[in-house]
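Some notes on the structure that comes next.
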Amino acid sequence: MGIFDFFTGKSKAAPAPAGATDNSAASADVLTKELQDHGFDVSGVDIEVDGGKVTLNGAVNSRAEMEKIVLLVGNTKGVAQVENNLIAPDADPEAPSGVYVVKQGDTLWKIAEESYGDGKRYEEIFEANKPMLKHPDRIYPGQRLRIPGATGPAAANAVVWAPPAEIAKKG
4 MGIFDFFTGK SKAAPAPAGA TDNSAASADV LTKELQDHGF DVSGVDIEVD
54 GGKVTLNGAV NSRAEMEKIV LLVGNTKGVA QVENNLIAPD ADPEAPSGVY
104 VVKQGDTLWK IAEESYGDGK RYEEIFEANK PMLKHPDRIY PGQRLRIPGA
154 TGPAAANAVV WAPPAEIAKK G
């Protein structure tokens, strides 16, 4: 129902907003500021925090923005689960992205080879994950990345980005 589980023992490279612990997310206000600092318009987003679970409610401008917000929040220290109740416009032309969980030894080149059959397409993955990623060589195990138009293993999770049916009907 739009619930995403995230790696709990996050790398030291994971974002660690003020107040986050290994088992508890930062406050809703701090997470909202974190999203704003990354350039997201979250004026239509309500964030609720219950320990390591974060619930996102409201509406955003695009499917890509929705996916990035879920991943940015989920990849932060203390977040074990994100319940995504965000709604993106029905007319959004982008197909759902696949999700890839970074493993030890992965590079964006290797992920692009696996997802697209061409490592040179690593820049597409890097661009799809901005502003969460600042540099293509700075990914860490357990981090989840958007893989738009994936045809490899990352495409298997693409369906999870659709909003829950009962929420989509309200929109």
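Residues in the sequence shown are numbered consecutively from 4, following the numbering used here.
Quick reminder that beta carbons are idealized off the backbone N, C-alpha and C, glycines included.
Spatial distance of residue i from residue j (CA atoms)
i: Phe129; j: Leu136; result: 7 Å
i: Asn60; j: Asp109; result: 32 Å
i: Gln107; j: Ser100; result: 22 Å
i: Trp112; j: Lys123; result: 7 Å
i: Thr35; j: Asp49; result: 9 Å
i: Asn26; j: Gly55; result: 6 Å
i: Ile194; j: Glu37; result: Residue 194 lies beyond the range of the chain shown here (4 to 174); nothing can be said about it.
i: Val52; j: His138; result: 29 Å
i: Glu117; j: Thr11; result: 25 Å
9 Å Cβ cutoff met for residue i and residue j
i: Ala23; j: Lys80; result: yes
i: Phe7; j: Arg147; result: yes
i: Lys75; j: Pro18; result: Rather than Lys, the amino acid found at residue 75 in this sequence is Leu. Going by C-beta atoms, Leu75 is nearer than 9 Å to Pro18.
i: Val82; j: Ala31; result: no
i: Tyr103; j: Gly152; result: no
i: Gly47; j: Pro134; result: no
i: Val143; j: Ala21; result: In the sequence as presented, Val is not what sits at residue 143; that position holds Tyr. Not in contact: Tyr143 and Ala21 (Cβ atoms no closer than 9 Å).
i: Gly145; j: Ser14; result: yes
Cβ-based neighbour list, residue i, same chain, cut-off 7 Å, excluding 5 preceding and 5 following
i: Val33; result: Pro20, Ala21, Gly22
Residues of its chain near residue i, where Cβ-Cβ distance is below 8 Å and the 5 sequence neighbours each way are ignored
i: Asn132; result: Lys71, Leu74, Leu148, Arg149
Cβ shell of residue i (< 6 Å), same chain only, five flanking positions each side left out
i: Glu68; result: none
| So does the stretch 51 to 66 actually touch the stretch 77 to 96, counting three or more Cβ pairs closer than 8 Å? | By the Cβ test, the stretch 51 to 66 is in contact with the stretch 77 to 96, since at least three Cβ pairs between them sit closer than 8 Å.
| request: Can you check the stretch 57 to 117 for any alpha helix (DSSP H) of at least 4 residues that lies completely inside it and give the ranges in chain order? | output: 66 to 77
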